[in-house]
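Down below is the structure, laid out as structure tokens.
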Amino acid sequence: MADVYILGIDMTRFGRYPDRTFAQLGGEAALMALDDCGLGARDVQIMYCGTVFGAYEMTGQAIMREIGQTGIPVTNIVNACASGASAFREAWLAVKSGVYNVALAVGVEKTPRGMLGGGAETGIPLEGLFGSASMPAVFAESGTEHAAKYGTTFAQFAKVSVKNHHHSTMNPKSFYQMETPLEQVMGAEMIAYPNTKLMCSVNVDGAAAAVLVSERKARELGLSRAIRVRASALQSDPWNPSNPMMPDVNTVTRLAAKSAYEQAGIGPEDVSLVELHDCFATAELLHYENLGLCGEGQAGEFIDAGETTLGGKVPVNVSGGLLSKGHPLGATGIANMYEVSLHLRGEAGARQVEGAKIGLTHVVGLGTASAVHVLEKA
Amino acid sequence: MAQPETGPIAAKPHIKFDPDGKPFIEAHRCRACGAVTADARLACPACASRDGFDAFRVKQTGKLIAYSIVKRSYPGIATPFVSAIAAFDGGLALKANLVGVGFEPEAIAPNIEVRLTFNEALGRTDAEGRAYVGYQFEPQKS
Ligand SMILES: [Zn+2]
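Going down the list, the sequences are from chains H and U.
Note that the UniProt record's numbering numbers the first sequence so that position 343 is 343, with each residue one more than the last.
Note that the UniProt record's numbering numbers the second sequence so that position 76 is 76, with each residue one more than the last.
Here it is as structure tokens:
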């Protein structure tokens, strides 16, 4: 089957936009992505919109009301923090199948402030009685499980935030642009050990969009800035004896990574850079192993050696990641692809990963979904 | 086993009561593959078999899998507390507070042996003023 290409891709700066609607944010990103490849709303044949908190409001159709109501099929996708990547994948499938030549995928979010997680409670509150359902605690538990197996330390987890905040100082679209030395990260307010406040992703608003086209269309419009989608994988969590008491972000990521590497016909050693789901600092280290970037139990040493910092063996989250760039749930998946595309095009400025040829993006939607995409310069 | 007519209410559906009102944890084991779940499913999540499940009484001894010392939670929830997941002997993983270990990470050994004990759900009552039964984990005395 012919390849699918990203021809245009862009994102809004992540931040706080209390006066803007989902449709305005998503519409802005959509127009930016269309401008990036010289197309217009009339060229789009099918559209998918990924959002969590906008899922009940037909946000995809509302975006079309902002950018051009051409009457094309529009589907809204909700898949927790994998919503944007899932919308992208539906667009990829629509083009890959040969039914459509031009598809638009938009991820958009206005994220509530405060701590996410929990759920419906009846009778009495269960938080603090049966442990914690807050996201910082849930991902802290994933971290201490790794620590119990391999001796991973608080400082090693904290180094993830030092690195990602450092990367964000080179990204004008990041919410934060600040250096956070190790003692500052470790000394910040403890939310849920070992995650301090600076080790939790920041709840922001924002949008990202991508224009996907068929190989025929890409050749017609020019391949000079096109990005080839080498793999698109989406998996759900398989059976695990601890599930659902403890969400298993590891196995689902490993399944998605395996599928993606097989589709692309490559291994982790071929990847120039990675944008992965650092919703909490503890999570990033687990995903080094889940994505095969280092050996089992070696994530702590891997970050100690600086292998995932810009200039290292495989830079991870050079955008600043969810920890610093921000995590507008539905927008995150496509924003990751935007970052990788910048590097593959050689347009990433001060944070450019030199000679980037292949990039990998990863998200986890708790509940649980994982999407992994492999992108390559055409 | 039916809930006692009067007396505390189970704060989780897998907390059941003996005829004399003593609480225990009930889980379900797949007849085909032995996978254990707290609640019975339509089919087995591990092997998809529809052979059904056998309910059994969960052992109260197990091992810590993971924890977090929670210093900030939702508004109105008292902190600190230790949120923990433990796997119990013979099957079933549960999540609850780990008590009796303090709030310093150095004092919480990985994979310690724990015992499940029942409690009065921190004295929390519902809108009708009814009391509840919950559970917690404690380190096993060595
Ligand atoms: Zn089974």
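Positions of the beta carbon are idealized from the N, C-alpha and C atoms, including for glycine.
Computed from a predicted structure; not experimentally measured.
Scanning its chain for C-beta atoms nearer than 8 angstroms, with the 5 sequence neighbours on each side dropped, one finds around residue 31 of chain U the residues 49, 51, 52, 53 and 54, in chain order. Residues of chain H with a Cβ closer than 7 angstroms to the Cβ of residue 73 of chain U are, in chain order, 127, 128, 132 and 134. Looking at the DSSP output, residue 134 of chain U sits in a beta bridge with U/119. Placement of the Cβ of residue 55 of chain U at a distance of 8 angstroms or more from every heavy atom of ligand 1 is found.
Here residue 128 of chain H is not near residue 2 of chain H, since their CB atoms are 9 angstroms or more apart. Sequence-ordered contacts of the region 45-67 of chain U with chain H read 45, 46, 65, 66 and 67 [C-beta pairs closer than 7 angstroms]. For residue 153 of chain H, the secondary structure class from DSSP, reduced to helix, strand or coil, is coil.
Approximately 4 angstroms separates the beta-carbon atoms of residue 292 of chain H and residue 268 of chain H; this is inside 8 angstroms, confirming the contact. When the five nearest sequence neighbours on each side are left out, the beta carbons in the same chain lying within less than 8 angstroms of the beta carbon of residue 95 of chain H are those of 4, 101, 102, 103, 212, 213 and 214, in order along the chain.
The three-state reading of DSSP puts residue 36 of chain H in helix, counting H, G and I together. Here DSSP, grouped into helix, strand and coil, assigns residue 277 of chain H to coil.
The Cβ of residue 186 of chain H sits no closer than 9 angstroms to any Cβ of chain U.
Against chain U, the beta carbon of residue 168 of chain H has no neighbour under 9 angstroms; the closest one sits roughly 24 angstroms away. Apart from sequence neighbours up to five positions away, the residues of its chain that approach residue 254 of chain H with a beta-carbon distance below 7 angstroms are 290, ordered along the chain. Taking the CA atoms as reference points, residue 74 of chain U sits about 15 angstroms from residue 68 of chain U. As summarised for the region 30-90 of chain H, the continuous alpha helix (DSSP H) elements at least 4 residues long and confined to that stretch are 59-67, given in chain order. Within the region 186-258 of chain H, the complete beta strand (DSSP E) runs of at least 3 residues fall at 190-193, 205-214 and 227-236.
Under the Cβ distance rule, residue 123 of chain H counts among the residues neighbouring chain U, one pair being separated by less than 9 angstroms.
Of the heavy atoms belonging to ligand 1, at least one sits nearer than 8 angstroms to the Cβ of residue 34 of chain U. In the structure shown, residue 144 of chain H falls within a helical segment according to DSSP collapsed to helix, strand and coil. A distance below 6 angstroms between beta-carbons, with the five flanking residues on each side excluded, links residue 192 of chain H to the following residues of its chain, in chain order: 136, 137 and 140.
Boundaries of the beta strand (DSSP E) harbouring residue 360 of chain H: 358-365, taken from the DSSP string. Within the DSSP bridge table, the entry for residue 316 of chain H names H/274 as partners. Of all alpha-carbon atoms in U/19, U/27 and U/64, the one lying nearest the alpha-carbon of residue 12 of chain U is that of U/27.
For residue 103 of chain U, the closest of U/118, U/80, U/112 and U/115 by C-alpha to C-alpha distance is U/80.
In the structure shown, residue 338 of chain H adopts helical secondary structure according to DSSP, grouped into three states. Inter-segment contact for the region 306-313 of chain H and the region 329-338 of chain H is absent: fewer than three beta-carbon pairs are separated by less than 8 angstroms. Shown here, residue 5 of chain H sits in a strand according to DSSP, grouped into three states. In the DSSP assignment, residue 301 of chain H falls within the unbroken alpha helix (DSSP H) covering 299-304. Of all residues in the region 139-173 of chain H, only 139, 140, 141, 142, 143, 144, 145, 146, 147, 148, 149, 151 and 154 place a beta-carbon less than 9 angstroms from a beta-carbon of chain U. Collapsing the DSSP output to three states places residue 72 of chain U in coil. For residue 22 of chain H, the secondary structure class from DSSP, reduced to helix, strand or coil, is helix. Identification of chain H residues near residue 125 of chain U by a Cβ-Cβ cut-off of 8 angstroms yields 124, ordered along the chain. With respect to the 9 angstroms criterion, residue 208 of chain H and residue 106 of chain H are classified as neighbours on the basis of their beta carbons. Using a Cβ-Cβ distance cut-off of 8 angstroms, the region 153-162 of chain H and the region 276-287 of chain H are in contact, since at least three pairs of beta carbons, one from each stretch, lie closer than that value. Cβ proximity to chain U below 7 angstroms picks out 239, 241, 242, 245 and 246 from the region 237-261 of chain H.
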